[in-house]
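Quick note: the sequence shown, position 89, residue 74 per this note's numbering, numbers continuous. Below is one structure, written out as structure tokens, with a few remarks after it.
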Amino acid sequence: MGIFDFGFNPLAIFSLFAVITNSIVIYLIFSESLQVSTNRWYSYSIISLIVWGITEAFSRLSVTGSAASFWEISGSIGWIFVAPLFLAFTIAYTGREKILSKVSAQFLLFGPALFFLFLSWTTGLVVNHNIAAYHKVAYDWVGTLETPLFWLVFIWIDILFTAALWLFIRFRSTSKDSQRRKQTLFMIVGLLVPFLGGSITNGLLPIFGIDIFKLAVPLTTVMSVTVTYAIFKYRLFAINPATVVSNIVETMNEILIVFDPNHYIEFVNNAVENILGYKKEKLIGQHLKMLVGSDWNNFQEDVLNPLDEGKQVSSVEVNLQTLEGQKIPVSFSTSQFMDKKGRVFAEVGVATDIRKIRELVIDTIAERNKLTTVMQSIVDGVFALDKTSKVILANPAVLSMLKLQKKDILGKKLDDCLTMFNGEQKVSCKDLLPLKNLTKDKVIAQLKSLKITTSSSDKHIFVNLTSSAIKEGKEVGLGAIITMSDVSKEKELEEMKIDFVSMAAHELRTPITSARGYLSLIQKDGLDKLSPEQRSYIDKAFIASTQLASLVDNLLAVSRIEQGAVKLQVASCDWIKTVKDCVANFQPLAKEKKIKLIANLPQKLSNVLIDKFRITEVLSNLIDNALAYTKSNGKVVVEVEEKNDEIITNIKDTGIGIPQEALPKLFTKFFRVSGILEQGSKGTGLGLYISKAIVEMHHGRIWVNSILGKGSSFSFALPALREKLKYSKKEKTLPTSFKNLQISKN
């Protein structure tokens, strides 16, 4: 027959009534709050009691011994766990909740319960598994006690209930709160009912072989009802505002003092011992002067007199005296409590220890003074902008540099005070401020030879400028910190040098041209009258004059570039055709040197907007260098590709290569690689510098990769022309990348 083969037994109503009652209790507890740990532990114990009641009712309703045995064994999961869960509730209720978070405590509470549950389900040591031993009596199913370890479980349960009872009694005796004492009394009474009655009917008598009606479930239900009554009468487990405030007061770091109108102390919190060293009990009933000490007159004037006038005193700095006589600076706030008739019955003061704050303020002032001293003495100009580009700080050096007074710049927008040009492009202060919030310190802009004119003067200076921002700038209202170093004299010397080189080159060009002309006539018409040795001299002189003329031309080109005199005449250009023509021009030289010159070009390519003459000069220079440093039977390959909106041209050779240490200096003026590379060409050391300048004027970039002994690859990239150009008689519209270039009328 099945485990659900039930018959009518009116005595099962006791168990079912207990189940219904405890279910209502669970609902009521859930309706209060499960956020409080005391509620949760109490709910767990009631759930165990409900499981116990259900299995006991089913056992009494069973019509067979096998069914009764099954429900008796199943019910052990309920009655074994009631005691440890109730003890956990007691621990939480009496303020020892932290104990329950420890693994060792959880093991001691629930480890034996799990062990006994295992024995009850798998063996007959705790619960009788012998179906034949069960027989029906008028009130229940009973059986001979063949469970040798049942007494151990019984003693363990009573020990847990005894521990809970002791915790309740001790907590009540130490509590000074009358409401708490009443609440705890309910707990004690409720626990005693199942502890005494249930232990007798369900434990002690069965051990001695005396079978009576078991009352543990209904008696434990009496306990749950008693505790539930305490919940609703005293709101025991709901978050009690008074309890919360009391906990906050005792755990707050500030000193809380309650004193009467005559200034005698009635209450202090724990912070008074932590900060001043006084025991709370020693201060109760003492005059407030005990805490103030020798500063009593100042305390009366600054705190008590305004308080007696009905004013609220807030954040007054005073000194309190420690037990050892040391003075502690505090920020003191106080207010009065009045009854309904307006009579003052208490005054409450809160004192915040400000020693660390004062140390921080002193350190901040010291650091500010250091910064001020550094700012005053630093040679470079320094000023700071806020987020709206207003100048909020300027050191004497920057005022002297710009010939301004503080009133001319502080609090004003930078653009209203200064006009800045980087070359021909005007620089706005927006270019010096971060565009978004920063996550780390960052350099926003670094500008060299920036031309600055002030609003109060027509004179200008040249500076090297660096704008930086810090990640905390938003919190302190700082936009950017800008440093300037005056390079006007250096700029003037540089211009003088460029002017001199330009003048010298111009003056040299005429005699050199004349010398080359006369040497050319001699080579053409007078070679028959000269000896072979004299012809050799003439040839060498002509080569030397040609090299000198090339040097002069390059010097003039460099001078014009550095003066900004080079104006590009740009136009849309078919780059594939341009490269083909340039490579074709070098084919005779390549055949003469027995070098294979190849052009690998794509079928289709975007146009480029370039000054064709200047860029062809760059391409020719790179191909000429590749042929010059490649030995016979070598190879030079010119490749073109379009990538990331750029047209990239690579000139690769199988020549002697370039040492790695020479690569960073390769595009600087007059740099030539020493050693074996000097034998390949007698150049001026200006070709690559000029090439780099021309490419960058086109908003492009140039670079080199090389392996010594295997060859080099020179590359330059130009912006691809993807935007359609629009022309009119009066204006010319260019893509953004080319906004500083001139368009050729052709």
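C-beta atoms are modelled at their ideal positions from N, C-alpha and C, and glycine is treated no differently.
- Name the one or two DSSP bridge partners that Phe135 has. Answer by DSSP bridge pairing: none, since Phe135 is not bridged.
- Can we say the region 460 to 468 touches the region 362 to 377, given the rule of at least three CB pairs closer than 8 Å? yes
- Flag this pair as yes or no: are the beta carbons of Ser453 and Leu418 separated by less than 8 Å? no
- Message: Please state the DSSP three-state secondary structure of Pro496.
- Response: helix
- Roughly how many whole angstroms lie between the Cα atoms of Asp732 and Asn282? What is shown of the chain runs -14 to 731, which leaves residue 732 out entirely.
- Query: Is the distance from the Cβ of Thr358 to the Cβ of Gly334 below 8 Å?
  - Reply: no
- Query: In or out: Ser86 buried (at least 16 other Cβ within 10 Å) or exposed?
  - Reply: exposed
- Secondary structure of Gln572, DSSP reduced to three states: helix
- Is Gln664 helix, strand or coil when you go by DSSP? Low confidence applies to Gln664: its pLDDT is 48, below 50, so where it sits in the model is not reliable, and the reading given next is rough at best. In this structure, Gln664 counts as helix in the three-state DSSP scheme.
- Item | Opposing strand residues paired with His445 [DSSP bridges] | Thr438
- When the Cβ atoms of the region 398 to 409 are set against those of the region 439 to 447, are three or more pairs found closer than 8 Å? yes
- Cut-off 6 Å between Cβ atoms - residues of its own chain near Ala611, not counting five sequence neighbours on either side: Val621, Ile636 and Asp638
- Query: Which residues bound the alpha helix (DSSP H) around Gln361?
  - Reply: Arg340 to Ser362
- Around the C-beta of Phe655, are 16 or more other C-beta atoms found within 10 angstroms, so that it is buried, or is it exposed? exposed
- Task: May I ask you to list the residues that DSSP assigns as paired with Ser318?
- Result: Val335
- Query: When burial is assigned at 16 or more other CB atoms within 10 Å of the CB, is Tyr712 buried or exposed?
  - Reply: For Tyr712, the predicted structure reports a pLDDT of 36, less than 50, and the residue's modelled location is therefore unreliable. A value from the coordinates is still provided. Counting Cβ neighbours within 10 Å, Tyr712 comes out exposed, since fewer than 16 surround it.
- Between the Cα of Thr531 and those of Val4, Ile497, Ile632 and Leu268, spot the shortest distance and give me the residue it belongs to. Ile497
- Task: Please name the residue, chosen from Phe330, Trp26, Glu286 and Lys421, that lies closest to Pro69 on a Cα-to-Cα basis.
- Result: Trp26
- Task: Put Leu145 into one of helix, strand or coil per three-state DSSP.
- Result: helix
- Message: Can you tell me where the alpha helix (DSSP H) holding Val277 begins and where it ends?
- Response: Lys274 to Val277
- Classify Asn635 as helix, strand or coil using the three-state DSSP reduction. strand
- Item | Ser51 to Gly175 span [Cα, whole Å] | 35 Å
- Item | Pairwise C-alpha distance: Ile455 and Leu671 | 41 Å
- Message: For Thr349 and Ser316, which I take to be in contact (beta-carbon distance under 8 Å), what is that distance rounded to the nearest angstrom?
- Response: The pair is not a contact, with the Cβ atoms about 17 Å apart (cut-off 8 Å).
- Message: Quick check for students: name the residue ranges of the alpha helix (DSSP H) that lie wholly in the region 11 to 68, counting only runs of 4 or more.
- Response: 22 to 46 and 50 to 59
- Query: Does the pairing of the region 62 to 76 with the region 4 to 14 give three or more beta-carbon distances under 8 Å?
  - Reply: no
- Message: Going by DSSP in three states, Gln168 sits in which element: helix, strand or coil?
- Response: helix
- Alpha carbon to alpha carbon, what distance is there between Ile14 and Ala3? 16 Å
- Measuring CA to CA, which of Val623, Thr79 and Tyr263 is closest to Ile173? Thr79
- Item | Endpoints, the alpha helix (DSSP H) within which Asp293 is located | Asn290 to Asp293
- Task: Please check the pair Leu276 and Leu261, which I expect to be a contact at CB under 8 Å, by giving their CB distance rounded to whole angstroms.
- Result: 7 Å
- Item | Neighbourhood of Asp280 by C-beta distance below 6 Å, restricted to the same chain and skipping five residues each side | Asn304
- Task: Could you please give me the residues that DSSP links to Phe701 through a beta bridge?
- Result: Thr634 and Ile687
- Task: Tell me whether the beta-carbon of Val412 lies closer than 8 Å to the beta-carbon of Asn449.
- Result: no
- Query: Is the beta carbon of Val568 less than 8 Å from the beta carbon of Ile632?
  - Reply: no
- Where do the N-terminal and C-terminal ends of the beta strand (DSSP E) with Glu626 fall, by residue? Lys620 to Lys628
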